[in-house]
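J.:
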Amino acid sequence: MGNPLICPAFMLHYAWKYLYKSGKLTVKVQWMKYSDRNLQFLIMAGGKGTRFGNAEKCMQDINGKSILENLIDSLKTLSDFISVSTTLLHRKTLELCRLKDVSVIITDGDNYINDLRSSIVSIGRVPLVVMGSDIYLTDLDQFRYMIKSLPDHAQPIIDLLQNNTFSGISVFSRIPEKDETMEYYEMNSEKNFSMNINTKEELGMLKLSIGKKTTGHFQ
Numbered sequence: 017m018g019n020p021l022i023c024p025a026f027m028l029h030y031a032w033k034y035l036y037k038s039g040k041l042t043v044k045v046q047w048m049k050y051s052d053r054n055l056q057f058l059i060m061a062g063g064k065g066t067r068f069g070n071a072e073k074c075m076q077d078i079n080g081k082s083i084l085e086n087l088i089d090s091l092k093t094l095s096d097f098i099s100v101s102t103t104l105l106h107r108k109t110l111e112l113c114r115l116k117d118v119s120v121i122i123t124d125g126d127n128y129i130n131d132l133r134s135s136i137v138s139i140g141r142v143p144l145v146v147m148g149s150d151i152y153l154t155d156l157d158q159f160r161y162m163i164k165s166l167p168d169h170a171q172p173i174i175d176l177l178q179n180n181t182f183s184g185i186s187v188f189s190r191i192p193e194k195d196e197t198m199e200y201y202e203m204n205s206e207k208n209f210s211m212n213i214n215t216k217e218e219l220g221m222l223k224l225s226i227g228k229k230t231t232g233h234f235q
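Taking our numbering, I'd label the letters of the sequence shown as residues 17 to 235.
Right, here's the structure in full:
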């Protein structure tokens, strides 16, 4: 797997494991049912994109649309509430959010854990699905099924897995503050529903898969 701090798709998983182990989190209960439209989606898009020549990785093109635009369009079929966390340096990301009428949360971009925590607190509502901006949803129906299968009174954090591998997507049912622990659990899908794009090679593989796609889902 390599160093998780180098792979943004895994940052979320390790960031919250760190917070859980170090006891740097308090939680405020704010239960809501997991219905079709009330889910909040938070896309973390403040990475530096070092594997893409320091470019905005989420703005890489996939058949005429950026990774981030594809993700936003997919999520808009599931929810009316989508926010993107980014920095003032990510100008293309900011412009896309303006064009897509998506809420923006500005962070410093210096510390992923702090950016993640402050973004969740800024939204202030749960359930909240958090994911990286380098995610492409390959099977929206399966992803929707995973979300709708979550219990109404979910655990504080649920990591979504596909074939026992972290997908880069977590669901929060409590709002983090500070100074106390927060437990996380895992929910596995035996069917893949997303792809993390960490390298140019993975981007090429995704483009190839899309080019060969003959049905509504990846084979």
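A virtual CB, placed ideally from N, CA and C, is assigned to each residue, including glycine.
Computed from a predicted model, the values in this text were never measured in an experiment.
1) Bridge partners of residue 211, per DSSP?
2) Between residue 226 and residue 216, what straight-line distance do the alpha-carbon atoms span, to the nearest angstrom?
3) Could you please give me the residues that DSSP links to residue 175 through a beta bridge?
4) I need the straight-line Cα distance from residue 87 to residue 167, nearest angstrom please.
5) Are the CB atoms of residue 144 and residue 188 within a distance shorter than 7 Å?
6) How is residue 81 classed by DSSP in three states: helix, strand or coil?
7) As a quick exercise: from 165, 83, 193, pick the residue whose alpha carbon is nearest that of residue 153.
8) Compare the Cα-Cα distances from residue 212 to each of 206, 222, 203 and report the closest residue.
9) In this structure, does DSSP put residue 93 in helix, strand or coil?
10) Grab me the residues of residue 204's own chain with a C-beta within less than 7 Å of its C-beta, minus the 5 sequence neighbours each way, in chain order.
11) Once DSSP output is grouped into helix, strand and coil, what is the label at residue 134?
12) So, under 8 Å CB-CB, residue 294 and residue 108 are touching, yes? Tell me the CB distance rounded to an integer number of Å.
13) Quick check on residue 80: buried or exposed, where buried means 16 or more other Cβ atoms within 10 Å of its Cβ?
14) Could you check which residue in 220, 122, 218, 161 has the C-alpha nearest to that of residue 206?
15) Per the DSSP calculation, residue 57 is bridged to which residue(s)?
16) Given that a residue counts as buried once 16 or more other Cβ atoms are within 10 Å of its Cβ, and exposed if not, what is residue 123?
17) In whole angstroms, what is the alpha-carbon distance linking residue 163 and residue 99?
18) Between which two residues does the beta strand (DSSP E) carrying residue 118 extend?
19) Is residue 95 closer than 7 Å to residue 55 when the C-beta atoms are compared?
20) Short of 8 Å in beta carbon distance, which residues of its chain neighbour residue 78, apart from the five on each side in sequence? Order them along the chain.
21) Can you give me the C-alpha to C-alpha distance between residue 198 and residue 57, rounded to a whole angstrom?
22) Using CA coordinates, which residue listed in 92, 127, 126, 129 is at the minimum distance from residue 119?
T.: The structure says:
1) For residue 211, which the question treats as bridged, DSSP gives the partners 152.
2) The C-alpha of residue 216 is placed about 15 Å away from the C-alpha of residue 226.
3) DSSP lists 186, 202 as partners of residue 175.
4) If I take the Cα positions, the gap works out to 24 Å.
5) Taking 7 Å as the Cβ cut-off, residue 188 and residue 144 qualify as a contacting pair.
6) DSSP places residue 81 in strand when its eight states are reduced to three.
7) Checking every option, the nearest Cα to that of residue 153 belongs to 83.
8) When only C-alpha atoms are compared, the closest one is 222.
9) Here residue 93 sits in coil by DSSP.
10) Counting only Cβ-Cβ distances below 7 Å, and skipping sequence neighbours, we find 177, 180.
11) Reduced to three states, the DSSP call for residue 134 is helix.
12) Any question about residue 294 goes unanswered here, given that the chain covers just 17 to 235.
13) Residue environment for residue 80: exposed (fewer than 16 other C-beta atoms within 10 angstroms of its C-beta).
14) Shortest Cα-Cα distance from residue 206 to any of 220, 122, 218, 161 involves 161.
15) DSSP output for residue 57 lists 98, 145 as bridge partner(s).
16) Classification for residue 123: buried.
17) For the pair residue 163 and residue 99, the Cα-to-Cα distance works out to about 18 Å.
18) Neither: residue 118 is in no beta strand (DSSP E) and is coded neither H nor E.
19) Going by C-beta atoms, residue 55 is nearer than 7 Å to residue 95.
20) Cβ contact annotation for residue 78 (same chain, cutoff 8 Å, sequence separation greater than five): 86, 152, 219, 222, 223, 226, in chain order.
21) Taking the Cα positions, residue 198 is about 20 Å away from residue 57.
22) When each option's Cα is compared against that of residue 119, the closest is 92.
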